[in-house]
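Peer 1: Would you mind keeping the following structure in view while I ask a few things?
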Ligand SMILES: [Fe+2]
């Protein structure tokens with residue numbers, strides 16, 4: 001997922017806490033989670049403590065055949081005419097669901113890409129009496145924009161099946177994380193809402209033009225710029241081609257390989273904070289120079305309750321998460337200074353979808369500009 005950008009002076013995005021300077025992404029074999037838990041938990045520990053990323057294989061429901069069907073639906077979706085895609089634009093959804101262009105994203109996260117954003121299927125929030133609905137609720141709650149079944153036969157069913165499989169993976173992974181951290185499962189449960197709240201995007205990275213390739217600096221052309229995932233405990237994703245890179249603790253970029261039937265899961269800053277730095281949120285990017293053809297990736301984030309503050313758990317107080325946290329850029333500092341986490345989350349979301357947000361939320365957009373968040 002895109003997130004914490006870094007447009008200030010360069011800061012080391014790696015940590016120096018005697019961690020392994022990894023040169024590959026650990027494999028976590030779900031098949032041994034029951035047959036050989038000791039091996040499984042060592043793989044999981046290495047993925048989340050040493051690297052911050054794991055390539056999960058043999059995850060039930062994520063076999064290569066299923067993933068290829070999903071990518072075939074993505075192919076069909078993105079080969080529709082631009083006018084068809086614009087008809088389901090995020091600019092037509094108060095909850096910013098639907099189609100958008102990555103070229104519209106301001107700053108470092110601008111990417112030669114298009115995307116289709118989904119979230120939990122909820123009704124449009126209705127005001128109680130005269131009470132005005134706060135903008136962050138409108139941004140959070142609403143229906144998805146599904147294409148007409150006649151236009152995209154089987155698309156909705158396939159994508160909703162993917163989401164069900166993702167949540168099943170997330171719920172099981174939460175249990176494994178609790179076992180690994182030796183904390184009660186209820187501790188993580190408290191961070192989630194009563195219903196499954198999630199965000200997902202079908203990203204479509206487009207092949208670079210020769211002009212774009214000519215802008216390469218240090219082996220990188222603007223794709224999804226380097227960042228760490230700011231607002232989630234962790235994310236999981238499937239991908240159709242390589243292109244994702246992770247920065248090791250010596251500052252070198254390590255390719256995330258394409259493993260058939262694999263699911264990549266990575267730690268977000270919130271889980272890093274919760275564990276006092278025991279788990280690491282690692283800087284990553286999409287290097288479009290690595291993509292010879294277009295690339296699909298579908299990340300899924302099981303969202304936590306925005307209003308619940310994330311602080312190191314008692315057993316991890318004194319950890320070094322805060323110490324090694326990369327200083328955020330001034331815009332992020334101003335964003336973080338907003339006290340109400342719901343309002344803060346709302347502004348953060350606006351910044352990710354500038355084209356739609358300017359149109360749908362002109363008042364809040366102007367306020368964000370005034371505050372120097374944008
Ligand atoms: Fe990300």
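Numbering (UniProt numbering), first residue to last: 1 to 374. Glycine residues also receive a C-beta, built at the ideal position from the N, C-alpha and C atoms. Predicted model, so just to flag it, every value in this text is computed and none were measured.
Note down, in chain order, each residue of its chain lying with its Cβ closer than 7 Å to the Cβ of residue 322, except the 5 sequence neighbours on either side.
Peer 2: Residue mapping note: residue 322 aligns to position 322 of the chain shown, counting from 1. Residue placement at residue 322 is flagged as unreliable, the pLDDT there being 46, under the threshold of 50; a coordinate-derived value is accordingly withheld.
Peer 1: Does residue 341 come out as helix, strand or coil in the three-state DSSP assignment?
Peer 2: Position 341 of the chain shown holds residue 341. Looking at residue 341 - three-state DSSP - the assignment turns out to be helix.
Peer 1: Between residue 266 and residue 234, which are expected to be in contact by the criterion C-beta below 8 Å, what is the C-beta distance as a whole number of angstroms?
Peer 2: Residue numbering aside, residue 266 sits at position 266 when the chain shown is read from its first letter. Residue numbering aside, residue 234 sits at position 234 when the chain shown is read from its first letter. Indeed, because the Cβ distance is near 6 Å, the residues count as touching under 8 Å.
Peer 1: Are the CB atoms of residue 101 and residue 115 nearer to each other than 9 Å?
Peer 2: Start at 1 with the first residue of the chain shown, and residue 101 comes out as number 101. Start at 1 with the first residue of the chain shown, and residue 115 comes out as number 115. Yes, Cβ-Cβ distance for residue 101 and residue 115 is below 9 Å.
Peer 1: Could I get the ranges of all uninterrupted beta strand (DSSP E) runs contained in the stretch 113 to 169, with 3 residues as the minimum, in chain order?
Peer 2: Runs of the beta strand (DSSP E) inside the stretch 113 to 169: 113 to 119.
Peer 1: Under 8 Å from any heavy atom of ligand 1, does the C-beta of residue 228 make it?
Peer 2: Start at 1 with the first residue of the chain shown, and residue 228 comes out as number 228. Yes, the Cβ of residue 228 comes within 8 Å of a heavy atom of ligand 1.
Peer 1: Verify whether the separation of the beta carbon atoms of residue 291 and residue 263 is less than 9 Å.
Peer 2: Translated into the one-based positions of the chain shown, residue 291 becomes position 291. Translated into the one-based positions of the chain shown, residue 263 becomes position 263. Contact flag unset, no.
Peer 1: Output the distance between the C-alpha atoms of residue 346 and residue 139, rounded to the nearest integer angstrom.
Peer 2: Within the chain shown, residue 346 is the residue found at index 346, counting from 1. Within the chain shown, residue 139 is the residue found at index 139, counting from 1. C-alpha separation (whole angstroms): 7 Å.
Peer 1: Going by alpha carbons, who is nearest to residue 259 out of 167, 270 and 67?
Peer 2: Translated into the one-based positions of the chain shown, residue 259 becomes position 259. The shortest Cα separation from residue 259 among 167, 270 and 67 belongs to 67.
Peer 1: Under the three-state reduction of DSSP, which class applies to residue 378: helix, strand or coil?
Peer 2: Outside the displayed range of the chain (1 to 374) lies residue 378, so it cannot be described from this structure.
Peer 1: What span of residues does the alpha helix (DSSP H) with residue 332 cover, start to end?
Peer 2: Stepping through the chain shown from its first residue, residue 332 is reached at position 332. Here the alpha helix (DSSP H) through residue 332 covers 330 to 336.
Peer 1: Among 245, 286 and 142, whose alpha-carbon lies nearest the alpha-carbon of residue 208?
Peer 2: Walking along the chain shown from the start, residue 208 turns up at place 208. The option with the nearest alpha carbon to residue 208 is 286.
Peer 1: By the three-class DSSP mapping on this structure, what secondary structure does residue 372 have?
Peer 2: Position 372 of the chain shown, counting from 1, holds the residue named residue 372. DSSP places residue 372 in coil when its eight states are reduced to three.
Peer 1: Going by CA-CA distance only, name the one from 229, 197, 21 and 127 that's closest to residue 166.
Peer 2: Mapped onto the chain shown, residue 166 falls at position 166. The shortest Cα separation from residue 166 among 229, 197, 21 and 127 belongs to 197.
Peer 1: Is the beta carbon of residue 191 sitting closer than 9 Å to the one on residue 304?
Peer 2: The residue given as residue 191 occupies position 191 in the chain shown. The residue given as residue 304 occupies position 304 in the chain shown. Yes. Within cutoff.
Peer 1: Under 9 Å, do residue 274 and residue 312 count as touching if we go by C-beta distance?
Peer 2: Locating residue 274 in the chain shown gives position 274, counting from the first residue. Locating residue 312 in the chain shown gives position 312, counting from the first residue. Yes, they are a contact pair.
Peer 1: Which of the three DSSP states is assigned to residue 249 in this structure?
Peer 2: On the chain shown, residue 249 is found 249 positions in, with the first residue counted as 1. In this structure, residue 249 counts as coil in the three-state DSSP scheme.
Peer 1: Looking only at its own chain, which residues have a Cβ that is under 6 Å from the Cβ of residue 61, when we skip the five neighbours before and after it?
Peer 2: If you number the chain shown from 1, residue 61 lands on position 61. Within the same chain, residue 61 has close Cβ partners 165.
Peer 1: Please report the distance separating the alpha-carbon of residue 371 from that of residue 334.
Peer 2: Position 371 of the chain shown holds residue 371. Position 334 of the chain shown holds residue 334. Distance between the alpha carbons of residue 371 and residue 334: 7 Å.
Peer 1: Measure the alpha-carbon distance for residue 187 versus residue 279 and round it to whole angstroms.
Peer 2: Taking the first residue of the chain shown as 1, we reach residue 187 at position 187. Taking the first residue of the chain shown as 1, we reach residue 279 at position 279. Cα to Cα, residue 187 sits roughly 16 Å from residue 279.
Peer 1: Just curious, the alpha helix (DSSP H) that residue 84 is in, first and last residue?
Peer 2: For this step, residue 84 is matched to residue 84 along the chain shown. Taken as a continuous stretch (DSSP letters only), the alpha helix (DSSP H) holding residue 84 covers 82 to 86.
Peer 1: Closer than 6 Å by C-beta to residue 212: which residues in its own chain qualify, once you throw out the five before and the five after it? Chain order, please.
Peer 2: One-based indexing of the chain shown puts residue 212 at position 212. Contacts found: 221.
Peer 1: For residue 355, which option in 135, 104 and 71 has the closest C-alpha, if you only look at C-alpha atoms?
Peer 2: Here residue 355 corresponds to residue number 355 of the chain shown, with the count starting at 1. The option with the nearest alpha carbon to residue 355 is 104.
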